[in-house]
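Order-wise, the sequence lines are chains A and B.
Position one of the first sequence corresponds to residue 943 (this note's numbering), numbered consecutively onward.
Position one of the second sequence corresponds to residue 636 (this note's numbering), numbered consecutively onward.
Don't be surprised by glycine CBs; every beta carbon is placed ideally from N, CA and C.
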Amino acid sequence: MSLAACEQHPLIRYLRDPKCGATLDATDWERLLRAARHGYLSSRVAWLAKKSGLIEHLPEKIRFHLESALRVAQSQAVSVDWEVAKIQEALAESAMPFVLLKGAAYIKGQFEAAHGRLLSDVDIMVPKERLLEAEKALCSHGWFPTKLNAYDQRYYREWMHELPPLQHLGRGTTLDVHHTILPPTALLKPDVNKLWADVHAVENAKNVFVLSPVDMVLHSATHLFHDGELEHGLRDLVDIDALLGQFSGESRFFETVIDRADELDLGRPLHYALKYCRAFLRTPIPDDILSRSAELGSQSIMIRAVMDVVVLESIASILADRPSIKSQLSQFAMYVRSHYLRMPMHQLLPHLLRKQFASDPDR
Amino acid sequence: MQSTLPQVVRGVAQLYADFPLSPPGQFIDFRIKLSSPSLLRRWFRPQVNFALDDTRPFKPLPIEQSFAMFEWGLNWVVANHAHQFAIVHAASVEKGGRALILPGAPGSGKSTLCAALVCRGWRLLSDEMAMISLNDGLIWPIPRPISLKNASIDIIRKFSHEAVFGDVVADTAKGDIAHMRPPKASVEAAKSPAALFAVVFPTYRAGAQTEYIEVSKGRTLMRLAENCFNYPVLGAAGFNCLADAVDSSHCRTLIYSDLDEVITMLER
């Protein structure tokens, strides 16, 4: 699927301009909702329809899906509230501050990106030197590491920037505890202390923080292009689009983001985020900002071209009516790439080989 | 839905014969596909996969269970995407405008009783999931095939010679399973909801006298909530819906062994 073909897809047209929903026919809506389910965007789609008043005018069969998706988002917002209160309780004994990241941050910080944002776990960041203390406190309140073998435990603890995912014994919810936003083994090395220096307190929640708006954009971008396998690629672009939409009204916001990206060594992910938000979602981003970000995140022409293909394919795979070999290959390329960015080759190769061939009793 | 597996094709032809096909160009809620996971798995210990769009929520099952997997998968699809309803793990039937909800743990005999009632002319609303609308408190039908297990299959075969069954599949996670075709009249009335009259918790007990005992509204509410698939999603709206449902209906537990006796009693 080409970029032009992606642009014709009803989901992309709708995300750019929800009002176009009024002109979509039954087949378009079917493709839109299917792609939205696939891309973890069904509740966002529903919220956009509600916000624009479109939902009242849609046929009952379509409204049915949207109303159902709105309820899912509502219940997630309630459960995030509850989870955060419980984490707060667990960490209060040692008076430990923590920063909410991604979905939980948007919801607790009441950002525009929170509306219809689906999440599968809560992500928090604690001060690095207190990571084990945090784990102990959380354990004593019912969060335990999910079942992992010794190798996976070591993978997380030694190489990654987080504890193995914790799961609450009673509620079954998952919690990811980070101590920075990129692994210590990664090529890019943002200084986490600078993030901590700028955090914003969450209202009425002692010791609970979110990143500053600028850092939130940078973290979203970093997460999208360096952490994951782009399987939530479109959803993450929608997050960034919503954050930019909310903050870009502030004077010199884009300039501040560029300066901050330079300071934190995050120019490259910022550039990708801006470039692909504009390409797919038509996020209004000034030309000079885009070119300044390109200079910061300087890349060879070849890497840029590869990146274009990989991002396009992974988003196309969400939109496609059936998965193509090409998109599966590029998903795999993205998987390898995201690991390569996380750890040097001499660690990566043995890790991937092991993951590929070591027998996993759960598989 | 899409499948070339003979078990699925046969099951749909037998059990969904009275359902209308969607005309082309109409909005389709869910695209479901049942297929072999790989070429290898077509020949070597063959398996079946259930897919909604491109997501596969379950591990593959042995190929013999294809049709059962379709039914279970469809239950999952409904329970995860129809949050306008409190979806309770229960059978539901209707006669004379009065709907009964029959919740019950697996093996409690809820499907057996449901099948028997349906064979005696009650309208099938649903077998696995009672759909209580959050908007109007009415029970909305999804009159899909009734799933019967183990001894129940023969009990209903003997009870009604008109009942039509699909293949009996042995050794599933739930034992032997067969599905019974929903009556044509129930399928045709699939768009008419019914008002709730009673919540009845059935328990089959061999040789027992029929007993129909009142249960407190509070206890009934708690048991409905425990059996409500999407209770966590609905939150306060779900609580209010179930509380209203319980408030306006009779709440009973029912111990039975003789189907004719229990039906006569329920019809009174």
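Looking at chain E, is there any beta carbon in it that lies within less than 9 angstroms of the beta carbon of residue i?
i, result
"A:F1006", "Protein chains A and B are contained in the structure displayed, whereas chain E is not."
Exposed or buried, which one is residue i when buried takes at least 16 other CB atoms within 10 Å?
i, result
"A:Y1093", "exposed"
"A:G1112", "exposed"
"A:K1078", "exposed"
"B:L650", "buried"
"A:S1235", "buried"
"A:H999", "exposed"
"A:P1303", "In this prediction, A:P1303 scores a pLDDT of 43, lower than 50, which makes its location untrustworthy; the coordinate-derived value is nonetheless stated afterwards. When all chains shown are included, A:P1303 counts as exposed."
"B:T639", "exposed"
"B:G732", "exposed"
"B:P855", "In the sequence on display, residue 855 of chain B carries Thr and not Pro. When all chains shown are included, B:T855 counts as buried."
"B:Q682", "buried"
"B:R816", "buried"
"B:G660", "exposed"
"B:R903", "exposed"
"A:C948", "buried"
"A:M1158", "buried"
"A:G1191", "exposed"
"B:H796", "exposed"
"A:E1237", "exposed"
"B:E849", "exposed"
"A:K1136", "exposed"
Between which two residues does the beta strand (DSSP E) carrying residue i extend?
i, result
"B:A805", "V804 to T807"
"B:F832", "A830 to Y839"
"B:E849", "E846 to E849"
"A:F1151", "V1150 to V1152"
"B:Q682", "Q682 to L687"
"B:M815", "G810 to M815"
"B:L656", "That residue, B:L656, is in no beta strand (DSSP E); it is neither H nor E in DSSP."
"A:V1119", "T1116 to H1120"
"B:I890", "H885 to Y891"
"B:R668", "The amino acid occupying residue 668 of chain B in the given sequence is Lys; Arg does not appear at that position. Here the beta strand (DSSP E) through B:K668 covers I667 to S670."
Pull up the CB-CB distance for residue i and residue j, whole angstroms please, since I reckon it's below 8 angstroms.
i, j, result
"A:H1161", "B:D688", "Their Cβ separation, rounded to whole angstroms, is 30 angstroms, which puts A:H1161 and B:D688 out of contact at 8 angstroms."
"A:L907", "A:A1055", "No answer is possible for residue 907 of chain A: it lies beyond the span of chain A, which begins at 943 and ends at 1305."
"A:Y956", "A:L974", "6 angstroms"
"A:M1249", "A:Y1214", "7 angstroms"
"A:S1010", "B:H885", "Not a contact, Cβ separation roughly 30 angstroms."
"A:V1014", "A:I1049", "With a Cβ gap of about 13 angstroms, A:V1014 and A:I1049 do not count as contacting."
"B:V890", "B:T845", "Note on residue identity: the sequence assigns Ile, not Val, to residue 890 of chain B. About 7 angstroms separates the two Cβ atoms, so the contact holds."
"B:R779", "B:A820", "Their Cβ separation, rounded to whole angstroms, is 15 angstroms, which puts B:R779 and B:A820 out of contact at 8 angstroms."
"B:H814", "B:E706", "7 angstroms"
"B:I812", "B:A703", "5 angstroms"
"A:L1008", "A:A988", "4 angstroms"
For the alpha helix (DSSP H) that residue i lies in, which residues bound it at each end?
i, result
"A:Y982", "Note, A:Y982: premise wrong, no alpha helix (DSSP H); not H, not E."
"B:S782", "Premise fails: B:S782 lies in the beta strand (DSSP E), I781 to K784, not in any alpha helix (DSSP H)."
"B:C863", "Looking at the DSSP string, B:C863 is not in any alpha helix (DSSP H), and its letter there is neither H nor E."
"A:K1003", "E1002 to A1034"
"A:R1200", "Sequence inspection shows Ile at residue 1200 of chain A; the Arg mentioned does not correspond to that position. Here the alpha helix (DSSP H) through A:I1200 covers F1195 to L1206."
"B:H718", "Run containing B:H718: none; DSSP gives neither H nor E here."
"A:Q950", "L945 to Q950"
"B:N875", "A871 to D882"
"A:M1038", "Premise fails: A:M1038 is in no alpha helix (DSSP H) and is neither H nor E."
"B:Q649", "P641 to L650"
"A:F1189", "G1175 to F1189"
"A:T965", "No alpha helix (DSSP H) contains A:T965, which DSSP labels as neither H nor E."
"B:A843", "No alpha helix (DSSP H) holds B:A843; DSSP gives it neither H nor E."
"A:P1333", "Nothing about residue 1333 of chain A can be read from this structure; chain A reaches only from 943 to 1305."
"A:D1250", "I1243 to L1261"
"A:N1135", "V1134 to A1139"
Item to check | Entirely enclosed beta strand (DSSP E) segments - the region 724-772 of chain B, minimum 3 residues | outcome: Runs of the beta strand (DSSP E) inside the region 724-772 of chain B: 733-738, 758-761 and 764-768.
Checklist entry - In chain order, which beta strand (DSSP E) runs of at least 3 residues are fully inside the region 1042-1111 of chain A? => result 1064-1067, 1085-1087 and 1108-1110
Checklist entry - Pairing CB atoms from the region 1257-1264 of chain A with CB atoms from the region 990-1008 of chain A, are three or more of them under 8 angstroms? => result no
Next on the checklist: Using a Cβ distance threshold of 8 angstroms, determine whether the region 860-880 of chain B contacts the region 816-827 of chain B, with at least three qualifying pairs required.
Outcome noted: no
Checklist entry - Do the region 1013-1024 of chain A and the region 1055-1069 of chain A meet, that is, are 3 or more Cβ pairs less than 8 angstroms apart? => result yes
Next on the checklist: When you compare the region 1027-1044 of chain A with the region 1060-1076 of chain A, are there three or more beta-carbon pairs, one atom per stretch, that lie closer than 8 angstroms?
Outcome noted: yes
Next on the checklist: When you compare the region 719-735 of chain B with the region 825-845 of chain B, are there three or more beta-carbon pairs, one atom per stretch, that lie closer than 8 angstroms?
Outcome noted: The region 719-735 of chain B is in contact with the region 825-845 of chain B.
Next on the checklist: Using a Cβ distance threshold of 8 angstroms, determine whether the region 759-767 of chain B contacts the region 716-726 of chain B, with at least three qualifying pairs required.
Outcome noted: yes
Checklist entry - Touch check for the region 1107-1124 of chain A and the region 1143-1152 of chain A: three-plus C-beta pairs under 8 angstroms? => result With a cut-off of 8 angstroms, the region 1143-1152 of chain A and the region 1107-1124 of chain A do not count as touching, because too few Cβ pairs lie within range.
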